[in-house]
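Some notes on the structure that comes next.
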Amino acid sequence: MPELWIEGRAVTVPDGTSVLAALQNAGYRTLRRSLAGEPRGALCGMGVCQECRAVIDGRTVRTCQTPVEAGQRVTLVPGGSHDR
Amino acid sequence: MTSALRAVVVGGGMVGAACADALARHGAAVSVVEPGPLGGGATAAGMGHLVVMDDSPAQLALTARSLELWDALAPTLPAAADYRGCGTLWVASDDEELAAVQPKQAAYRAAGRTSEVLDAAELSALEPSLRPGLAGGLRVPGDAVVYAPVAAAFLLERSGAAVIRDSVVELEDGEVRLGSGARVAADVVVVAGGIGSLSLLPELPLRQRKGHLLITERGGLDVTHQLVELGYLKSAHASDADSVAFNVQPRPTGQLLIGSSRQFDRPDAAPEWFLLRRMLDRARAYLPGVAALSALRVWTGQRCATPDHLPLIGWHGERAGVFVATGHEGLGITTALGTAEVLAAQVFGTPSALTAFDFGVGRFHGVAHA
Chain A
373 MPELWIEGRA VTVPDGTSVL AALQNAGYRT LRRSLAGEPR GALCGMGVCQ ECRAVIDGRT
433 VRTCQTPVEA GQRVTLVPGG SHDR
Chain B
120 MTSALRAVVV GGGMVGAACA DALARHGAAV SVVEPGPLGG GATAAGMGHL VVMDDSPAQL
180 ALTARSLELW DALAPTLPAA ADYRGCGTLW VASDDEELAA VQPKQAAYRA AGRTSEVLDA
240 AELSALEPSL RPGLAGGLRV PGDAVVYAPV AAAFLLERSG AAVIRDSVVE LEDGEVRLGS
300 GARVAADVVV VAGGIGSLSL LPELPLRQRK GHLLITERGG LDVTHQLVEL GYLKSAHASD
360 ADSVAFNVQP RPTGQLLIGS SRQFDRPDAA PEWFLLRRML DRARAYLPGV AALSALRVWT
420 GQRCATPDHL PLIGWHGERA GVFVATGHEG LGITTALGTA EVLAAQVFGT PSALTAFDFG
480 VGRFHGVAHA
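Sequence order for the protein chains is A and B. If you count by the working numbering, then the first sequence holds residues 373 to 456, one letter each, in order. If you count by the working numbering, then the second sequence holds residues 120 to 489, one letter each, in order.
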């Protein structure tokens, strides 16, 4: 039962969970925003659509392809901060 | 009552769309035949860099004229075409490369294009993400980028051409035969199918040249110009060997497109990781911050190359009513509008300064040089 941090909050999930499932169980369905501010979240769940991205320990990854590990620090991709 | 010239354009990519638009503006009734997505081939695979290149006098004239035509078209393009006058910055890594910018600037000036030589400090001030220790560069402010599939769709719609979702399987006298068996009457046929043109005209001197592109997440590395190494042409055209060159484009979204690679005769679409690694190592040698970026997607595409790196534009040379517009290699988006002007000049006898250059198929049979 690994414990990880999602947006600074400790959560414990069953072994074998994907980070995406951990995020969704914690209530995070909108994972980032498009340039126009529209909500974006996981669509395909199999590593193709790239819509489930989040930052784990400083690296942006596809959360649907990433198994949970104890101590991971997961934050949402900052949305729209680089608009121009 | 006169009936309009009936024209069939084979291929709904950027070059086909530009030709359809030019033919329609001269009064032709145009059909475009495309079996796949419009602009879905090389048009969608490339960077959409609109760039003046001086590899040869003909290439300089064609790219410079095409940039004038893009400048004129830009205000009418839809926002989704992402047209952006970011300019090109040719980067010199040492003094030898920096010495090459003077003749390049002179060539551009002669073609009516402004450019500005930068020393190391000016380069660093303009693009602080570049590594320290580069020698300088040449800034070409009139160059631009565009999202080509949208530009192609815009030109096709503006042309009013009938788009036929089918393939052309045979060119016959006065008509083309489609995969469905249907026939479309044509006074003029323009084969603009990129490397696919070989299926109709196997005698054309075309080879496919695969390229890789990578697009990053948005944010993370500030780049404002399309960046290209001055050794680009050396890398791009030196030999038949696989090559990579530093070429990075800032997208309006804040993402970076990272190129480029060239490989002859690799028809499959699969990314080749050893070459991608070489390409990214090259990018990192100029932009160290690339190492920390996340890639969103990687894809490949097929350029359509001729032996002298100039496109084939004009009458086929033997078959009545058959014209070609293909073989643009990596410059099809840039030169689509100039290509269409050359084509219209041949079909309708309209004026173009570009007719001073030989873009014809015949140049490879000694006909034009006799």
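Note that beta-carbon positions come from the ideal geometry of N, C-alpha and C, so glycine has one too.
Flagged as an interface residue toward chain B: Arg431 of chain A, by a C-beta distance shorter than 8 Å. Three or more pairs of CB atoms, one per stretch, sit closer than 8 Å, so the region 435 to 448 of chain A contacts the region 373 to 380 of chain A. Listed as beta-bridge partners of Val129 of chain B by DSSP are B:Val152, B:Val310.
Remark: C-beta atoms of Val308 of chain B and Val295 of chain B approach each other more closely than 8 Å.
In the DSSP assignment, Ser185 of chain B falls within the unbroken alpha helix (DSSP H) covering 176 to 192. Within chain B, the residues whose beta carbon sits less than 8 Å from that of Gln422 of chain A are Leu415, Arg416, listed in sequence order.
The beta-bridge partner set that DSSP reports for Pro411 of chain A consists of A:Arg405. Excluding its 5 nearest sequence neighbours in each direction, Leu323 of chain B has C-beta neighbours in its own chain below 8 Å: Ser316, Leu317, Leu431, Val443, Thr445, Gly446, Val480, listed in chain order. Within the region 202 to 226 of chain B, the complete alpha helix (DSSP H) segments at least 4 residues long are 214 to 218, listed from N- to C-terminus.
Close to chain B, meaning a Cβ-Cβ distance shorter than 7 Å, are the following residues of the region 393 to 407 of chain A: Leu407.
The C-beta distance from Arg232 of chain B to Leu275 of chain B rounds to 28 Å, too long to meet the 8 Å contact threshold. Residue-level contact check: Thr372 of chain B touches chain A, since one or more beta carbons of chain A fall below 8 Å from its beta carbon. Non-local C-beta neighbours of Leu249 of chain B in its own chain, meaning closer than 8 Å and more than five positions away in sequence, comprise Val210, Leu242, Ser243, Leu346, Tyr405, Leu406, ordered along the chain. Shown in chain order are the members of the region 329 to 362 of chain B whose Cβ falls below 8 Å from a Cβ of chain A: Glu336, Arg337, Gly338, Gly339. Taken atom to atom, the span from the alpha-carbon of Ala136 of chain B to that of Gly457 of chain B is near 12 Å. Looking at the DSSP output, Phe383 of chain B shares a beta bridge with B:Arg328. The C-alpha of Ser406 of chain A lies about 43 Å from the C-alpha of Asp214 of chain B. In the DSSP assignment, no residue is bridged to Glu246 of chain B.
DSSP places Pro268 of chain B inside the alpha helix (DSSP H), whose first and last residues are 267 to 278. Within the same chain, Cβ atoms closer than 8 Å to the Cβ of Arg203 of chain B are found at Ala263, Val264, Val265, Pro371, the five residues on either side in sequence being excluded. In this structure Asp140 of chain B is buried. Its beta-carbon is surrounded by 16 or more other beta-carbon atoms within 10 angstroms. Judged by DSSP secondary structure, Gln345 of chain B falls within the beta strand (DSSP E) whose first and last residues are 345 to 348. Ranking B:Ala439, B:Thr469, B:Arg125, B:Ile283 by CA distance to the CA of Asp292 of chain B puts B:Ala439 first. DSSP places Arg416 of chain B inside the beta strand (DSSP E), whose first and last residues are 414 to 424. Comparing alpha-carbon positions, the option among A:Ala414, A:Gly409, A:Gln422, A:Glu410 lying closest to Gly399 of chain A turns out to be A:Ala414.
Taking 8 Å as the cut-off, the Cβ atoms of Val440 of chain A and Thr402 of chain A do not count as close. Counting only the Cα atoms, Ala475 of chain B lies some 52 Å from Gly419 of chain A. Between the beta-carbon of His344 of chain B and that of Thr453 of chain B there is about 16 Å, and that puts the pair past the 8 Å contact cut. Per the coordinates, the alpha-carbon of Pro426 of chain B lies some 9 Å from the alpha-carbon of Phe483 of chain B. DSSP places Pro407 of chain B in the helix class (H, G or I) of the three-state scheme. In the structure shown, Phe476 of chain B adopts coil according to DSSP, grouped into three states. Contact between Gly313 of chain B and Ala161 of chain B holds, with the beta-carbon distance rounding to 5 Å and staying under 8 Å. Look at Glu375 of chain A here: in three-state DSSP terms it is strand.
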